């Protein structure tokens, strides 16, 4: 390799000339000291490279002066300092460009030629010294030929799909029934940071010093022994980073806005739906709806309230303690499918993406760890389920118990997100080639998988049959929203068409549409599926507006129109190539089991597409799969680079074919099956048990509101006269989520809750939770003032369509009363 020293110095000399020319092309009024310093920063390595080029042409001098064994300390210092200088110059360039662009733009423009030259010089010095140490071993890539072939096949499929999208417009043509923006992405600098850690994780296995001149520091040799600390370290990093974002980031958010008179968020929209049911459970009233959606998540929220009370900050802290396990689960999945480096990369990407989501919560629609929504909990549960299924696939010879437990886990997932049912056929179909040719074993374990699933959901099905007279996992009325979209409308625009119809009749309409208009259904399902796939790719960063580290994140993903620029099209090609490499590497390691996350994504995206949804939170539980395989591909690329530069075969253990670790036959005892069955029955029964065993809260004066008001000093005759009106009501319940709005303001939504809808008068809106459900309440008042939350109240009001206009709200515990005019005044006409 020493004969190539002249080429190295010549390249450095030419780059120096180019940098010097670029510097002098920058307009300047005079030759300042700063400009002279930049010229010097280029001239010194430029002159040194030129002199070394000339001297290195002499073979004898080259053998004496450039032999690493002759000057081990110098070459060792260069081997260590070059990558550090590369990182330093890169960081300086980045900070000059993005720390505060308005203040540092001129400095960046002038320093860029010199810093870019030094950056390239440090990078090629690092690579050259690595080549000098171990040589270039291109033939070693032949050991990974199976990965290259697999990656080529996957990339060809991706390009064929890309061509289909370009020719037909599928995936980028807005669906009039429902079309949503992509989710919050990872930023470019965050991706580079994660890739840096990926390379560092591979450094110990890539280091094979051939001489003392290049022996790495002992700290690097200790990295493998510290790998057991990675899961807790990733958990703590996620916890600290996510909790560091203050609750004020939710001020204008969709699902947890902050409004007067409180400085803390309250749930809104879907989050309020879940939380009111949780509050109702704790009060012993049962679920608000006869058959609620996401019952297991509602029980989780009820447990948070029982442990932590009503303070939103404490609730979010408790929720984040659980959700911070998500990056750890991704790390374990990435490690098992590829390597520790891949696991660290995907975990860091997940942590940083959620951090972005928290920062932009007031600017765009998001579902994140500071909102009481089921999406993130479902994502964590689905990832844990994939880890369990992967364990089953790897121990397939003796996996009877794991098959049963996997099925039971999926059954519990149905109580978090019913569309998880689409994973069952995907998992069982993927299991078939894994078990082949032992198809009888596959059939037996598939039956156990199905038995576990049925066992876990049977308590909830039984409960719904007793309560509503039908075997249903989810609110059966939701099928009307799907029917509305199958009829060509939005989720709510065609509901009048199904008014008075039963859920079964709406379901028949959907089935008839599929049978009689298959091309129409296939068209929008394909369109939505490809949109979900594109949105998953868009989680990775693209070339778009970025205003700097000190500025708010610009939501460029809202500007996506389906037509990338040339630069972004090339970037997509790189992403697809790396993802293809990741899929091929997972295939090489675990064969069919390596495709488990991909099969999961296809099944989940198909389930949302069949309902005619795409994007945003609808694909959130699965849109990590894109950057997951990207992380695998990046780790595989770094591993390949290490092999080319002479890394030892130890690096191959990160990507080699996985040997089935299961020992000879183990037969799980009946005790484990019985114990697992009991656990699934208990967890599946938890929603039913919760609503059955919690004693009912006795609301104040529930039997006689007028008598209690009279005892508090309210004139009984006036109360009786008021209640004598046809639309007058006397209610007792618990006030939740009070929000004050001035004239014309409210919570923006396609279908706003009546309590918070914009109106032409100032008011306090709140929920009144009682045993018979939630009453949307509006109290006209001028000016925000302290108003109790989660407190029992008595209410006199007038029914105004879908809400009650309060005339008097009285809180017995504190004696506070809020009035809207005298009781003598009649209820206004609706």
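Residue numbers (the numbering used here): 212 to 1041.
Here a beta-carbon is modelled for each residue, glycine too, at the ideal position from N, C-alpha and C.
Since the model is a prediction, treat every value here as computed from it, not as a measurement.
For the segment 335–367, list the beta strand (DSSP E) runs that are entirely contained and at least 3 residues long, ordered along the chain. The segment 335–367 contains no whole beta strand (DSSP E) run of 3 or more residues.
Taking residue 748 as part of the alpha helix (DSSP H), name the residues at either end of that continuous run. Where residue 748 is concerned, the enclosing alpha helix (DSSP H) starts and stops at 729–748.
Thinking just about the alpha-carbon of each residue, which of 304, 1023, 469 and 993 is nearest to the one in residue 1002? It is 1023 whose Cα lies nearest to the Cα of residue 1002.
Beta-carbon separation of residue 256 and residue 232 under 8 Å? One thing to note: residue 256 has its Cβ no nearer than 8 Å to the Cβ of residue 232.
Taking C-beta to C-beta, are residue 466 and residue 584 nearer than 8 Å? The beta carbons of residue 466 and residue 584 sit closer together than 8 Å.
Please report how far the alpha carbon of residue 455 lies from the alpha carbon of residue 409, in whole angstroms. If you take the alpha carbons of residue 455 and residue 409, they lie about 25 Å apart.
Whole-Å CB distance - residue 849 paired with residue 786, under 8 Å assumed: Taking C-beta atoms under 8 Å as the contact rule, residue 849 and residue 786 fail to qualify, at a distance of about 16 Å.
Using CA atoms only, rank isn't needed, just tell me which of 475, 1037, 716 and 439 is closest to residue 582. It is 475 whose Cα lies nearest to the Cα of residue 582.
I need the boundaries of the alpha helix (DSSP H) containing residue 889, first residue and last residue. DSSP places residue 889 in the uninterrupted alpha helix (DSSP H) bounded by 881–904.
If contacts are defined as beta-carbon pairs under 8 Å, then residue 895 and residue 622 qualify, I think. What distance do you get, rounded to the angstrom? About 7 Å; that satisfies the 8 Å criterion.
Using alpha carbons as the reference points, say which of 616, 983, 377 and 922 lies closest to residue 907. That would be 983, whose Cα lies nearest to the Cα of residue 907.
Measure the alpha-carbon distance for residue 719 versus residue 728 and round it to whole angstroms. Spanning the two alpha carbons is a distance of roughly 14 Å.
Label residue 572 either buried or exposed according to how many other C-beta atoms from any shown protein chain fall within 10 Å of its C-beta, with 16 as the threshold for buried. By the Cβ-count criterion, residue 572 is buried, with 16 or more other Cβ atoms from all chains shown falling within 10 Å of its own Cβ.
Reference residue 854; option with closest CA among 283, 413, 303 and 1000: Cα-wise, what sits closest to residue 854 is 413.
Residue 773, buried or exposed, once every other Cβ within 10 Å from all chains shown has been counted against 16: Result: exposed.
Could you check where the alpha helix (DSSP H) with residue 690 kicks off and where it finishes? Element bounds for residue 690: 690–697.
With H, G and I counted as helix, E and B as strand and the rest as coil, what does DSSP make of residue 1031? Judged by DSSP in its simplified three-state form, residue 1031 adopts coil rather than helix or strand.
Go ahead and label residue 385 buried or exposed: buried means 16 or more other beta carbons lie within 10 angstroms of its beta carbon, across all protein chains shown. Label assigned to residue 385: exposed.
At a cut of 8 Å, does the segment 628–635 reach the segment 809–819 through at least three beta carbon pairs? At 8 Å Cβ cutoff, the stretches touch.
According to the Cβ coordinates, are residue 1018 and residue 1009 closer than 8 Å? Closer than 8 Å, so yes.
Pick from 391, 364 and 441 that is closest to residue 1099, judged by C-alpha positions: Outside the shown range of the chain, which is 212 to 1041, sits residue 1099, and nothing can be said about it.
From the DSSP output, read off the bridge partner residues of residue 1021. In the DSSP output, where bridge partners are listed per residue, residue 1021 has 1005 and 1028.
Does the count of Cβ pairs from the segment 329–345 and the segment 263–272 closer than 8 Å reach three? Touching, no.
Would residue 684 pass as a contact of residue 666 if the rule is Cβ separation under 8 Å? Taking a C-beta distance under 8 Å as the contact criterion, residue 684 and residue 666 do not qualify as a contact pair.
Excluding five sequence neighbours on each side, which residues of the same chain lie with their C-beta closer than 8 Å to the C-beta of residue 872? A caution first: residue 872 carries a pLDDT of 46, below 50, which makes its placement in the model too unreliable to give a value.
Where do the N-terminal and C-terminal ends of the alpha helix (DSSP H) with residue 261 fall, by residue? Segment 244–267, the alpha helix (DSSP H) holding residue 261.
Can you tell me the Cα-Cα spacing of residue 964 and residue 674, whole angstroms? Computed Cα separation, rounded: 29 Å.
In terms of alpha-carbon separation, which member of 709, 748 and 276 lies closest to residue 788? Minimum Cα distance to residue 788 is reached at 748.
What did DSSP end up calling residue 670 once you bin it into helix, strand or coil? Correct three-state label for residue 670: helix.
Look up residue 575 in the DSSP assignment and say whether it is helix, strand or coil. The answer is coil: DSSP assigns residue 575 none of H, G, I, E or B.
On the three-state DSSP scale, how would you describe residue 978? Looking at residue 978 - three-state DSSP - the assignment turns out to be strand.
Would a C-beta distance cut-off of 8 Å place residue 823 and residue 709 closer than the cut-off? For residue 823 and residue 709, no; Cβs fall outside 8 Å.
Near residue 328, which residues of its chain fall below 7 Å by C-beta distance, leaving aside the five closest residues on each side in sequence? Setting aside the 5 residues that flank it on each side, residue 328 is surrounded in the same chain by 226, 227, 230 and 253, each with a C-beta closer than 7 Å to its C-beta; the list follows chain order.
Alpha carbon to alpha carbon, what distance is there between residue 701 and residue 934? Spanning the two alpha carbons is a distance of roughly 40 Å.
CB contact flag (residue 973, residue 953, <8 Å): In this structure, residue 973 places its C-beta atom within 8 Å of the C-beta atom of residue 953.
So, helix, strand or coil for residue 594, using DSSP? Here residue 594 sits in helix by DSSP.
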